[in-house]
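Here my numbering = 1-based position in the sequence shown + 20.
Every residue, glycine too, gets a C-beta built ideally from N, C-alpha and C.
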Amino acid sequence: MRRRYERTAVGVTAVAFCLVAAACGPPGRAAEGTSPHPGTTAGTAAATATTTPHAAATDSRADPDPAAAATPPSEAAALPGIALHGGELPGYDIASLRYEEVRGTERSENPACAPLVELVNLSPEPPPAATVLRTALDASRTGQDATTVVTLLLATYSSHDGAASLLHRVRQAVSACADGFRTRGEEGPSVYSSVTALPAPRAGQEGLAYRLMFAAGGVSSPLVFTVVRGGATVVVFAAANYLDNQVPVIPTALVAAQAAKLPSAPT
């Protein structure tokens, strides 16, 4: 697990940025001033959308939404434009991130905690129709030793039910897995010692936030997530700190700016 969250040039990595060790190299390898993520350059506006099979938009565990309408195909095509680009949010460097470089392989030993692991892997369930990845960095702290990089995963669904189902499943998992959980993946077992609900963001049509504590070698490392829905589109914001146990902060301005671009639709 820890090898997936390699230390970058700016000191603190974000969730799922370096899920493949070969892509990022061992801790400390990145040189000062280089891009914190493979294939990206801080401030670029290149947009990439990944279309994924959409098996089932509605999850039986989600609250039904009889008013939900199908999302037109054009919304999936418009997803890169919905995502933040460099220059849109003053003071932040926004860059694109290639999905194939960061997808994780962890699997929860406790099925009730699977939705949390799915977001660590950047593979939300139910499967979205399309996804876009971004990274965000406070431009004023570029090059400093303790700078938080935030990953943004935008996912659009073929119906509002699909998007609402994602939040419903994650919300249930946060409640069910407060005492932590174990995972297994290509790099072996991992332990998350606790899950804590955080104040929900005041953005989008609904949202939630939570903290995971990753435990390894007697050291606990915090990972934080904020999830916001607007219509049939969901944004997952994630950040992690493996230098010390200080909890990283996902900037309110970043959440508000991205949420403001989400489609508006009946809840």
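Best match in the options for proximity to residue i [C-alpha to C-alpha]
| i | options | result |
| --- | --- | --- |
| G238 | L232, R191, G111, V211 | V211 |
| P144 | V254, L263, G111 | V254 |
| L282 | P268, L174, V190 | L174 |
| L139 | F257, A273, V269 | F257 |
| T216 | F201, Q278, D264 | F201 |
| P242 | S179, G251, L232, G250 | L232 |
| T246 | P110, L186, V122 | L186 |
| G111 | A260, L274, L263 | L274 |
| L228 | P209, L117, G205, A279 | A279 |
| R191 | L136, F234, T176, Y177 | L136 |
| T203 | A252, Y262, P148, N141 | N141 |
| E206 | E108, A259, I114, G124 | G124 |
| P148 | A159, T176, T168 | T176 |
| T272 | A252, L218, A223, D264 | A223 |
| A150 | D264, L263, A252, N265 | A252 |
Backbone CA spacing between residue i and residue j [nearest angstrom]
| i | j | result |
| --- | --- | --- |
| V248 | L157 | 19 angstroms |
| S214 | D199 | 5 angstroms |
| A276 | A183 | 19 angstroms |
| V269 | S179 | 31 angstroms |
| V170 | A96 | 23 angstroms |
| V267 | A98 | 34 angstroms |
| I102 | R161 | 26 angstroms |
| T155 | G250 | 20 angstroms |
| P209 | E126 | 9 angstroms |
| D8 | L172 | Residue numbering for the chain in the displayed model covers 21 to 287; residue 8 lies beyond these limits and cannot be assessed. |
| H188 | A259 | 21 angstroms |
| L109 | V122 | 24 angstroms |
| N261 | Y230 | 15 angstroms |
| L263 | E226 | 32 angstroms |
| L104 | S240 | 32 angstroms |
| A134 | P100 | 27 angstroms |
| T168 | N265 | 13 angstroms |
| S284 | F234 | 35 angstroms |
Reduced DSSP category for residue i - H, G, I as helix; E, B as strand; rest coil
| i | result |
| --- | --- |
| P147 | coil |
| R204 | strand |
| P283 | coil |
| S185 | helix |
| F136 | As written in the sequence, residue 136 is Leu, which differs from the Phe given in the question. In the structure shown, L136 sits in a helix (DSSP, three-state: H, G or I). |
| S178 | coil |
| G227 | strand |
| G101 | helix |
| V194 | helix |
| R118 | coil |
| T155 | strand |
| T162 | coil |
Residue environment, residue i, which counts as buried when at least 16 other CB atoms sit within 10 Å
| i | result |
| --- | --- |
| P221 | buried |
| E120 | exposed |
| P146 | buried |
| A236 | exposed |
| S116 | buried |
| D113 | buried |
| G106 | buried |
Contact with chain C by residue i, beta-carbon distance below 8 angstroms
| i | result |
| --- | --- |
| S160 | Note that chain C does not occur in the displayed structure, where there is just one protein chain. |
Residue i beta carbon near the ligand ADP (any heavy atom closer than 7 angstroms)
| i | result |
| --- | --- |
| A252 | Among the components modelled here there is no ligand, and therefore nothing to report on the ligand ADP. |
*Between the segment 186 to 203 and the segment 124 to 131, do three or more beta carbon pairs fall short of 8 angstroms?*
yes
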